[in-house]
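Asks: Handing you this structure, nothing more for now.
In our numbering, the protein residues as written are 54 to 356.
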């Protein structure tokens, strides 16, 4: 059975608090594990969450502010300490390659794991990544920042009653899936369209079209919510979103569920931010450290 869940390792923004660790998130997608923005303390939070270095297959860094990357040295060194057997691909803005190199080699250690660097350039990039496509779009922040989007290809769901009606059974079921037809019977006659699942990770940014495109039709949108609406001017000045703006992105993009995170230390009570977002986009939740969120089930198939 596939496992698709979002594991929250930390929810603080620039400064951690007694209740919130710096950023850090793991998306489990079947056999893949995407580690997003490992801030300071991520390695320890992984232990609390039951996340092993072996679970990581990709590291996705949105930008090189400290709360989004200062955990990289510990995570990279832990991968070697634990002898992670598979290559791990690291995605990050190409303009910050010098920062990545410094974090990668921050201290002396024996590098046993294989880390493949894949820097990002341009407004929009898309690359095949095993069972899904990984997309990245440039956002609006004082330093170059990218958001990420995971897209599963659409597929077909076989319909047992139609298979039986047309006499398709045994090896012919696999054959019609591979080849598109068996004799005069086509795949469309015995199956229905199955929309692929989608996930988006939108971190430090002002309101911008790229944020909406990343969130377009996703099943789960994880979005920064650094400020409340009363502090909207601060949000704009520092290149961030309010809770209401995050909800507006979700609504405009047709997302199914919104997870708010990356909260300023000025807010000890997050409930007002949740209420602000839910007034615009009802299916909103707030993330707390060590929370886990399942990716919602696929949208109903269409004929």
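Glycine included, C-beta positions come from ideal geometry on N, C-alpha and C.
How should residue 270 be labelled, buried or exposed, when 16 other C-beta atoms within 10 angstroms of its C-beta is the threshold for buried?
Replies: Here residue 270 refers to the residue found at position 217 when the chain shown is read from its first residue. Looking at its Cβ environment, which holds fewer than 16 other Cβ atoms inside 10 Å, residue 270 is exposed.
Asks: Would you tell me roughly how many angstroms separate the C-alpha atoms of residue 114 and residue 143, rounded to the nearest one?
Replies: Residue numbering aside, residue 114 sits at position 61 when the chain shown is read from its first letter. Residue numbering aside, residue 143 sits at position 90 when the chain shown is read from its first letter. Answer to the nearest angstrom: the Cα atoms are 8 Å apart.
Asks: Since residue 351 is in the alpha helix (DSSP H), which residue starts that stretch and which ends it?
Replies: If you number the chain shown from 1, residue 351 lands on position 298. It is not in any alpha helix (DSSP H) - residue 351 carries neither H nor E in the DSSP assignment.
Asks: Is the stretch 221-230 touching the stretch 164-184, taking contact as three or more C-beta pairs under 8 Å?
Replies: no
Asks: Give a yes or no on contact between the stretch 106-120 and the stretch 235-247, applying the rule of three or more CB pairs nearer than 8 Å.
Replies: No, the stretch 106-120 does not touch the stretch 235-247.
Asks: Quick one: give me the first and last residue of the beta strand (DSSP E) that residue 79 is part of.
Replies: To locate residue 79, count along the chain shown from 1; it is residue 26. Per DSSP, the continuous beta strand (DSSP E) segment holding residue 79 begins and ends at 77-82.
Asks: What separation, rounded to the nearest whole angstrom, lies between the Cα atoms of residue 45 and residue 248?
Replies: Summary: the structure shown does not reach residue 45, with the chain confined to residues 54 through 356, and so no result is reported for it.
Asks: Cβ of residue 64 within 8 Å of Cβ of residue 83?
Replies: Locating residue 64 in the chain shown gives position 11, counting from the first residue. Locating residue 83 in the chain shown gives position 30, counting from the first residue. No; because the gap between Cβ atoms is not below 8 Å, this pair is not in contact.
Asks: From 167, 338, 133, pick the residue whose C-alpha is nearest to that of residue 303; which is it?
Replies: By 1-based counting over the chain shown, the position of residue 303 is 250. Closest option to residue 303, Cα to Cα, is 338.
Asks: State the Cα-Cα distance for the pair residue 136 and residue 96, rounded to the nearest angstrom.
Replies: Indexing the chain shown from 1 puts residue 136 at position 83. Indexing the chain shown from 1 puts residue 96 at position 43. Each residue's alpha carbon lies about 15 Å from the other.
Asks: Quick check: what's the CA-CA separation for residue 175 versus residue 218?
Replies: Walking along the chain shown from the start, residue 175 turns up at place 122. Walking along the chain shown from the start, residue 218 turns up at place 165. Whole-angstrom Cα-Cα distance: 51 Å.
Asks: Figure out for me which residue from 151, 296, 154, 133 has the closest Cα to the Cα of residue 380.
Replies: Only positions 54 to 356 of the chain appear in this structure, which leaves residue 380 out of reach.
Asks: So the alpha helix (DSSP H) residue 231 belongs to, where does it begin and stop?
Replies: Mapped onto the chain shown, residue 231 falls at position 178. It spans 224-232 - the alpha helix (DSSP H) in which residue 231 sits, taken as one unbroken run.
Asks: In the DSSP output, what is residue 275 paired with across the bridge?
Replies: Here residue 275 refers to the residue found at position 222 of the chain shown. DSSP, once it has assigned bridges, lists 254, 312 as partnering residue 275.
Asks: Can residue 66 and residue 317 be called in contact, C-beta distance under 8 Å?
Replies: Numbered from its first residue, the chain shown carries residue 66 at position 13. Numbered from its first residue, the chain shown carries residue 317 at position 264. Taking 8 Å as the Cβ cut-off, residue 66 and residue 317 qualify as a contacting pair.
Asks: Given this structure, state the Cα-to-Cα distance separating residue 323 from residue 254, to the nearest angstrom.
Replies: As a working note, residue 323 is residue 270 in the chain shown. As a working note, residue 254 is residue 201 in the chain shown. Straight-line Cα distance between these residues: approximately 20 Å.
Asks: Could you tell me which uninterrupted beta strand (DSSP E) segments, each at least 3 residues in length, are contained entirely in the stretch 128-215, listed from first to last along the chain?
Replies: 141-146, 168-173, 177-182, 185-191, 199-204, 208-211
Asks: So, are the CB atoms of residue 125 and residue 156 less than 8 Å apart?
Replies: Position 72 of the chain shown, counting from 1, holds the residue named residue 125. Position 103 of the chain shown, counting from 1, holds the residue named residue 156. Yes. Within cutoff.
Asks: Is the stretch 75-94 in contact with the stretch 327-335, if contact means three or more CB pairs nearer than 8 Å?
Replies: Segments in contact, no.
Asks: If you draw a straight line from the alpha carbon of residue 273 to that of residue 267, how long is it in whole angstroms?
Replies: Counting from one through the chain shown, the residue named residue 273 turns up at place 220. Counting from one through the chain shown, the residue named residue 267 turns up at place 214. Distance between the alpha carbons of residue 273 and residue 267 is about 11 Å.
Asks: Residues in its own chain within less than 6 Å of residue 127 by CB, not counting five upstream and five downstream?
Replies: Here residue 127 refers to the residue found at position 74 when the chain shown is read from its first residue. 96.
Asks: Give me, in chain order, the residues of the same chain whose beta-carbon lies closer than 7 Å to that of residue 351; leave out the 5 immediate sequence neighbours on both sides.
Replies: Position 298 of the chain shown, counted from the start, is the residue given in the question as residue 351. Same-chain partners within the cutoff: 247, 248, 250.
Asks: By DSSP, does residue 93 sit in helix, in strand, or in coil?
Replies: Counting from one through the chain shown, the residue named residue 93 turns up at place 40. If DSSP states are grouped into helix, strand and coil, residue 93 belongs with coil.
Asks: Can you grab the Cα-Cα spacing for the pair residue 325 / residue 294, in whole Å?
Replies: As a working note, residue 325 is residue 272 in the chain shown. As a working note, residue 294 is residue 241 in the chain shown. Each residue's alpha carbon lies about 15 Å from the other.
Asks: Shortest alpha-carbon distance to residue 203 belongs to which of 280, 81, 121, 291?
Replies: Here residue 203 refers to the residue found at position 150 when the chain shown is read from its first residue. Ranking the options by Cα distance to residue 203, first place goes to 81.
Asks: Considering residue 246, what are the terminal residues of the beta strand (DSSP E) in which it resides?
Replies: Mapped onto the chain shown, residue 246 falls at position 193. Where residue 246 is concerned, the enclosing beta strand (DSSP E) stretches over 244-247.
Asks: My understanding is that residue 328 touches residue 311, with C-beta atoms under 8 Å, so please give their C-beta distance in whole angstroms.
Replies: The sequence position of residue 328 within the chain shown is 275, counting from 1. The sequence position of residue 311 within the chain shown is 258, counting from 1. Rounded to whole angstroms, the Cβ separation of residue 328 and residue 311 is 13 Å, and the two are not in contact under 8 Å.
Asks: Mind checking who residue 65 pairs with in its DSSP beta bridge?
Replies: Within the chain shown, residue 65 is the residue found at index 12, counting from 1. Paired residues: 75, 316.
Asks: Counting only the same chain and skipping the five closest in sequence on each side, list residues whose C-beta sits under 6 Å from that of residue 340.
Replies: Indexing the chain shown from 1 puts residue 340 at position 287. Contacts found: 61, 64, 312, 314.
Asks: Just to confirm, are residue 111 and residue 87 a CB contact at a threshold of 8 Å?
Replies: For the purposes of this step, residue 111 is taken as residue 58 along the chain shown, with counting starting at 1. For the purposes of this step, residue 87 is taken as residue 34 along the chain shown, with counting starting at 1. Result yes, Cβ atoms of residue 111 and residue 87 sit closer than 8 Å.
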